[in-house]
Each structure stands twice: as C-alpha cells, then as structure tokens.
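Colleague: Residue numbers for the sequence shown follow the numbering used here, beginning at 216 and rising by one. First the structure, then my questions, so here it is.
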Amino acid sequence: MSGGPRPNVSPASPSRISFASSYAPGTVVIDTTGRKLYLVQSSRDALVYPISVGREGFTWTGTERISRVANWPDWHPPAEMRQRQPYLPVKMMGGVYNPLGAKALYLGNTLYRIHGTDDPRTIGRATSSGCFRMTNGHVVDLSRRVGVGTTVVVVNRLSASVARGGSGG
216 MSGGPRPNVS
226 PASPSRISFA
236 SSYAPGTVVI
246 DTTGRKLYLV
256 QSSRDALVYP
266 ISVGREGFTW
276 TGTERISRVA
286 NWPDWHPPAE
296 MRQRQPYLPV
306 KMMGGVYNPL
316 GAKALYLGNT
326 LYRIHGTDDP
336 RTIGRATSSG
346 CFRMTNGHVV
356 DLSRRVGVGT
366 TVVVVNRLSA
376 SVARGGSGG
C-alpha cells in the first residue's frame, strides 16, 4: 500500500527548560505520564518535545538505545495489531499517509519507536500501541541531535523537581 508523497520536512525547534537531573548530556528521557520527551543538554537544562504515548495497557518503562534511524519508514503492523484492527495493511510504504511519519528512531530490538505521525492532533494524548509519536518537524529536529547508540530512558513519571518550565525555544 502506498504511503503517499515524501516531502522534505523542516525541523521544528523544541523549547529549552530547566531540568535538574543526573542524566548524562545527550540522554533522551521520556515521561509517559507527562507526555514529554526530554533531550538532556546538561545537568541543568534540556530540550523538551510534546509526544503521544501508549494508551492504557500499552505503556512501558525501561532503558533502550536507538538502534536505527529511518527516513519515511515503511510500516509493517505486527500480527497482534492486525488481529485487533483487521483493516490494517500488511505493509504500508513510507509517506505522508503512513502513521510513522517522516522519521523513525528504532529502540533496541523492540517493536517500539520514536516516530513522526500522519495525524499531529494525536500529540499529547495516550493513543499509540507503545510507540512515542512526535510531530514530523520535531522528530526531524530530534534525529539531527541524536543517533544510533543514544540512550533512551522511559519513566512513568519524572519527579516534579526535575522539569521546571520553559525558557523559550
């Protein structure tokens, strides 16, 4: 199935916030309750991106590393997903109609990814099957700042003292 055209997507700048933590610079920290992805810049600040997370029963926590980065990735819905949603294709080519969006950052050997979306209205919601959705502009920006081997830490909730609001972006 065709995913549609594959236009050039410009990066969208995230906000920089105070982020007092012991995570190493360059670490990606995902707060599933807060529905935010943080890219740690230093012991004092981070870039923050709004994301979508797994719906109830599809969230997870743990540490992975980015194992692959793909532009306009093809989508192969897993068999379990196609059982729940029989109308899904076996394969959809990359493009603007593909739910993985403009980029996908694959997490370890799992089926989970940080990826763009064909529906930016879902950002900030718990709607996925465990992946983390970003706007296409944000995932393009993030992919320019991280790469294969980057540590991704997924937590249920960050301490309130860690992330303390924006200072522009």
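Don't be surprised by glycine CBs; every beta carbon is placed ideally from N, CA and C.
#1: Which partner residues does Met307 have in the DSSP bridge list?
#2: Using the DSSP secondary-structure output, state which residues sit across from Pro222 in a beta bridge.
#3: With DSSP run on the structure shown, which of helix, strand or coil describes Gly383?
#4: Three Cβ pairs or more, each shorter than 8 Å: is that satisfied between the region 284-295 and the region 257-271?
#5: Comparing C-alpha positions only, which one of Gly310, Leu357, Asn324 and Thr276 sits nearest to Asp334?
#6: Looking at Ala261 and Ile232, is the spacing between their C-beta atoms short of 8 Å?
#7: Would you kindly check if the distance between the Cβ of Val377 and the Cβ of Ser228 is under 8 Å?
#8: If you drop the 5 nearest sequence neighbours on each side, which residues of the same chain put their C-beta closer than 7 Å to that of Thr276?
#9: Using only alpha-carbon positions, find the residue among Arg221, Val224, Asn223 and Leu252 that is nearest to Thr366.
#10: Helix or strand or just coil, what does DSSP make of Asp356?
#11: For a test of the three-state rule: what should DSSP assign to Thr278, helix, strand or coil?
Modeller: This is what the structure holds:
#1: DSSP, once it has assigned bridges, lists Trp290 as partnering Met307.
#2: Note: Pro222 sits in no beta bridge, so no partner.
#3: Residue confidence for Gly383 is low, a pLDDT of 42 falling below 50, so the modelled location carries little weight and cannot support an answer.
#4: Segments in contact, no.
#5: For the set Gly310, Leu357, Asn324 and Thr276, the Cα lying nearest the Cα of Asp334 is the one of Gly310.
#6: Using a Cβ distance threshold of 8 Å, Ile232 and Ala261 count as a contacting pair.
#7: The Cβ atoms of Ser228 and Val377 lie no closer than 8 Å to each other.
#8: Cβ within range, chain order: Val369, Val370 and Asn371.
#9: It is Leu252 whose Cα lies nearest to the Cα of Thr366.
#10: In this structure, Asp356 counts as helix in the three-state DSSP scheme.
#11: It is a strand residue.
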